[in-house]
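Colleague: Handing you this structure, nothing more for now.
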Amino acid sequence: KRKLWSLRQRYVCGAVNGALPPRALWQFGSMIQCAQPGVNPFKYNNYGCWCGFKGSGAPVDDVDMCCQVHDRCYEASRKAPGCTAITDLPYISVYDFACSGQQVTCSEINDKCEAAVCECDRAAAHCFAEATYNSENKNLDPNVHCR
């Protein structure tokens with residue numbers, strides 16, 4: 001138990017320092033690659049007004065809307081009864097999923113908190129796959145475009 005806490009603590013600190021993203025974020029990236037083979041999931045970071053840290057304003061397009069829905073889904077997962085512990089934070093919650101034929105499936109062995117986060121990530125990965133990516137919306141100035 002102590003080793004697990006230490007590992008999660010290191011992941012959280014690493015994420016804050018930009019050194020080591022939590023495994024859950026890597027899982028989300030793997031889901032994106034499942035739904036869109038060959039796509040670099042980092043292309044969605046700092047996209048529009050919602051894809052990245054602290055989303056705000058109106059989404060600029062469908063990809064950005066996927067991120068807004070994903071952020072709100074994460075918020076809702078934190079409010080679920082029994083899912084408020086630090087270990088249930090969406091960015092560090094580790095869950096099981098499978099990929100087959102560009103379809104992501106969340107595992108039935110996930111507990112309810114893991115299942116909620118997994119479903120948020122699964123829905124966003126498929127949303128990205130269906131939305132049109134516009135490179136002009138990458139690295140927008142939030143002070144100009146996201147009010």
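UniProt numbering puts the first residue of the sequence shown at 1, with every later residue one more than the last. All C-beta atoms in this analysis are idealised placements derived from N, C-alpha and C, irrespective of residue type, glycine included. These figures come from a predicted structure and were not determined experimentally.
1. Distance check for ARG122 and MET65, CA to CA, integer angstroms please.
2. Rounding to the nearest angstrom, what Cα-Cα distance links SER107 and SER100 in this structure?
3. Within the UniProt domain "Phospholipase A2-like central" (24 to 147), note down every full alpha helix (DSSP H) run reaching 4 residues or more, in order along the chain.
4. Using 8 Å as the cut-off, can you tell me whether the region 67 to 78 makes contact with the region 131 to 144, which would need three or more C-beta pairs spanning the two stretches below that distance?
5. Any idea if ILE86 is buried or exposed, counting beta-carbon neighbours within 10 angstroms, 16 or more meaning buried?
6. If we count the other Cβ atoms within 10 Å of its Cβ and call it buried at 16 or more, is GLY38 buried or exposed?
7. Cα-Cα, which of VAL144, LYS43, VAL94 is closest to GLN27?
8. Would you check if there are 3 or more beta carbon pairs closer than 8 Å linking the region 128 to 136 to the region 29 to 38?
9. Would you call the CB atoms of VAL60 and CYS49 closer than 7 Å?
10. Looking at C-alpha atoms only, which residue of SER56, TYR44, THR105 is the closest neighbour of ASP96?
11. Which value, in whole angstroms, describes the spacing of the CA atoms of GLN102 and GLY29?
Modeller: The short version:
1. Working through the sequence shown from its first residue, we reach residue 65 at position 65. Working through the sequence shown from its first residue, we reach residue 122 at position 122. For MET65 and ARG122, the distance between alpha carbons rounds to 15 Å.
2. As a working mapping, residue 107 is identified with position 107 in the sequence shown. As a working mapping, residue 100 is identified with position 100 in the sequence shown. Straight-line Cα distance between these residues: approximately 13 Å.
3. Counting whole runs of 4 or more residues, the UniProt domain "Phospholipase A2-like central" (24 to 147) contains the alpha helix (DSSP H) stretches 62 to 79, 112 to 130, 142 to 145.
4. Verdict: no, contact absent.
5. In the sequence shown, counting from the first residue as 1, residue 86 sits at position 86. Residue environment: ILE86 is assigned as exposed (fewer than 16 neighbouring CB atoms within 10 Å of its CB, all protein chains considered).
6. Position 38 of the sequence shown, counting from 1, holds the residue named residue 38. Exposed, by the Cβ-count rule.
7. For the purposes of this step, residue 27 is identified with residue 27 of the sequence shown, where counting begins at 1. When only C-alpha atoms are compared, the closest one is VAL94.
8. Counting C-beta pairs closer than 8 Å gives three or more between the region 128 to 136 and the region 29 to 38, which meets the contact rule.
9. Counting from one through the sequence shown, the residue named residue 60 turns up at place 60. Counting from one through the sequence shown, the residue named residue 49 turns up at place 49. Yes, the Cβ-Cβ distance between VAL60 and CYS49 is below 7 Å.
10. One-based indexing of the sequence shown puts residue 96 at position 96. Of the residues SER56, TYR44, THR105, the one whose Cα lies closest to the Cα of ASP96 is THR105.
11. By 1-based counting over the sequence shown, the position of residue 102 is 102. By 1-based counting over the sequence shown, the position of residue 29 is 29. Distance between the alpha carbons of GLN102 and GLY29: 13 Å.
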